[in-house]
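These protein sequences, in sequence, are chains A and B.
Take the first sequence: its position 31, counted from the start at 1, is 31 in the working numbering, and no numbers get skipped.
Take the second sequence: its position 125, counted from the start at 1, is 125 in the working numbering, and no numbers get skipped.
Let me begin by presenting the structure, written as structure tokens, before commenting on it.
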Amino acid sequence: MRGRSVHFRRVTGFDRRVSRRFLQKSFACPKGEPLRFRSGMTDLIKLVRTYRVTSGLPERLGLAERIVLLIQRDLRFFVFGAVRPPTAEDIFQEVLKAVAVNLGKFKGDTAKEFWGWCYRIARNKINDELARKAADRLQPMPEEELWQLVENSVAPSTLSAADRIDLAHSLKLLARFKPDCGEFLWQHYVFGLDYAEIAAQKEMSYDGVRMKIGRCLGEAQTLVA
Amino acid sequence: MAKPDQKKFNVLSPDGFPISREPFASQKEAEAAIPKWCERYQEQGYYSTADRERIPVKELPNHVPIVPEGETVTQQADLDGKFKKLGHHLRLGWEQQPIDTEKNLATVRGAVREQWQKEREEKLAKPPAPTPDKTKEQEPPEPERD
Numbered sequence: 001m002r003g004r005s006v007h008f009r010r011v012t013g014f015d016r017r018v019s020r021r022f023l024q025k026s027f028a029c030p031k032g033e034p035l036r037f038r039s040g041m042t043d044l045i046k047l048v049r050t051y052r053v054t055s056g057l058p059e060r061l062g063l064a065e066r067i068v069l070l071i072q073r074d075l076r077f078f079v080f081g082a083v084r085p086p087t088a089e090d091i092f093q094e095v096l097k098a099v100a101v102n103l104g105k106f107k108g109d110t111a112k113e114f115w116g117w118c119y120r121i122a123r124n125k126i127n128d129e130l131a132r133k134a135a136d137r138l139q140p141m142p143e144e145e146l147w148q149l150v151e152n153s154v155a156p157s158t159l160s161a162a163d164r165i166d167l168a169h170s171l172k173l174l175a176r177f178k179p180d181c182g183e184f185l186w187q188h189y190v191f192g193l194d195y196a197e198i199a200a201q202k203e204m205s206y207d208g209v210r211m212k213i214g215r216c217l218g219e220a221q222t223l224v225a
Numbered sequence: 001m002a003k004p005d006q007k008k009f010n011v012l013s014p015d016g017f018p019i020s021r022e023p024f025a026s027q028k029e030a031e032a033a034i035p036k037w038c039e040r041y042q043e044q045g046y047y048s049t050a051d052r053e054r055i056p057v058k059e060l061p062n063h064v065p066i067v068p069e070g071e072t073v074t075q076q077a078d079l080d081g082k083f084k085k086l087g088h089h090l091r092l093g094w095e096q097q098p099i100d101t102e103k104n105l106a107t108v109r110g111a112v113r114e115q116w117q118k119e120r121e122e123k124l125a126k127p128p129a130p131t132p133d134k135t136k137e138q139e140p141p142e143p144e145r146d
């Protein structure tokens, strides 16, 4: 087993012990924030830049693995928020492949640009799949599954009755939106993308996204009324 | 650094939404953020509200109130806060979900290997860059004129 581990490190340049420390450092920050806002994300762009100028296979493997450990959870949420399993898992694996294959071609210089690039890849893969299935709409997570996430988010005793009512109400509201508004609101509030990030992903203007979300909230008010 | 019990402030856009993800630690910080936010609309020349009302960029600073955190001006901002809270809980819940890291790493290893192999093959298939022809005879120097 030990020999296998040494072989693994030699071949991939990836040390499991180092990776554990790396992950602890990367995720040692407030929970519940989108992962890309966390302090460890500053390492991400360094890894991507290093990958760009690296030609050896073992080094590339080691770097790609460390990059994937940082992005997998957020990207998976992005895909699973739009498509239902088991298709979602297949698309997610396709997204990982596409990110890995094109890592050397990424031109940006900031973590934000890199995330935008990853989301565009994910978005395109989701669209390809939807087009292939000729079903021109997203398949968001069902309300029960979303509520399960809320239930798992904190210890049940820490969620007050008022909080529960508030959250359940917001969730019902989110689920009642038409797919168009629902997608914008999901990306902004649940996935945590800001207007600029949504604009880049959807090839819209910052103002267009801002106004769209404003109008969708206006629509939500009418649902409340 | 802000004390934990210190009041925080939001700057609200003309549509009633906070202009920043997190509230500002002091009123001074909030005030300082306004010109920077208004700059976004400098090129366009106006801010367009959700009701399609256009506010000239020069007047924009007068339409962005600073309010203590928790005080919302519009129902939309209230909804904005509720959705943000929901999003926070959904992300927390998502983080508890198991993730098959080994499977994801295996996918990526395969893709990186494949790409590396492809690049290597392309490199080998590429004809070598033409080198300057050393065998080419040099032209004889022009005869000197008398």
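No residue lacks a Cβ here, since even glycine has one placed at the ideal position from N, Cα and C.
As the crow flies, the alpha-carbon of residue 53 of chain A is around 40 Å from that of residue 213 of chain A.
In the three-state scheme derived from DSSP, where H, G and I count as helix and E and B as strand, residue 119 of chain A is classed as helix.
In the DSSP assignment, the residues bridged to residue 55 of chain B are B/47.
Per DSSP, residue 10 of chain B is one residue of the beta strand (DSSP E) stretching across 9-11. Looking at the DSSP output, residue 18 of chain B sits in a beta bridge with B/12. Residue 189 of chain A and residue 70 of chain A have their alpha carbons spaced roughly 21 Å apart. Residues of the same chain with a CB within less than 8 Å of the CB of residue 77 of chain B, apart from the 5 flanking positions on each side, are 12, 16, 17, 18 in chain order. Residue pairing from DSSP leaves residue 190 of chain A without any beta-bridge partner. Within the same chain, 38, 47 come within 6 Å of residue 60 of chain B by CB-CB distance, once the 5 residues on both sides are set aside. For residue 189 of chain A, the neighbours in chain B by C-beta distance under 7 Å run, in chain order, 83, 84, 86, 87.
Counting along the chain, the unbroken alpha helix (DSSP H) around residue 91 of chain A starts and ends at 87-102. Chain-ordered listing is empty here: chain B has no CB closer than 8 Å to the CB of residue 53 of chain A, the nearest sitting near 14 Å. Judged by pairs of C-beta atoms under 8 Å, the region 85-103 of chain B touches the region 169-187 of chain A, as three or more such pairs exist.
Interface with chain A (8 Å Cβ-Cβ cutoff): residue 93 of chain B is included.
Along the region 106-117 of chain B, the positions whose C-beta sits under 8 Å from a C-beta of chain A are 107, 108, 109, 110, 111, 112, 113, 114, 115, 116, read in chain order. Residue 129 of chain A and residue 91 of chain A have their C-alpha atoms some 8 Å from each other.
Residue 106 of chain A is outside the set of residues whose beta carbon lies under 8 Å from a beta carbon in chain B.
Not a single C-beta of chain B is nearer than 8 Å to the C-beta of residue 201 of chain A.
Assignment of residue 68 of chain B by DSSP, reduced to helix, strand and coil, places it in the strand class.
At a Cβ-Cβ threshold of 8 Å, residue 81 of chain A and residue 142 of chain A do not count as neighbours. Cβ contact annotation for residue 63 of chain A (same chain, cutoff 7 Å, sequence separation greater than five): 47, 50, 51, 54, in chain order. In the three-state reduction of the DSSP assignment, residue 24 of chain B falls in the strand class, which pools E and B. Here residue 50 of chain A carries a helix assignment [DSSP, helix/strand/coil].
Relative to the Cα of residue 114 of chain B, the nearest Cα in the group A/207, A/148, A/98 belongs to A/98. For residue 21 of chain B, the closest Cβ of chain A is nearer than 8 Å. Looking at A/100, A/110, A/131, A/109, the one whose alpha-carbon comes closest to that of residue 121 of chain A is A/100.
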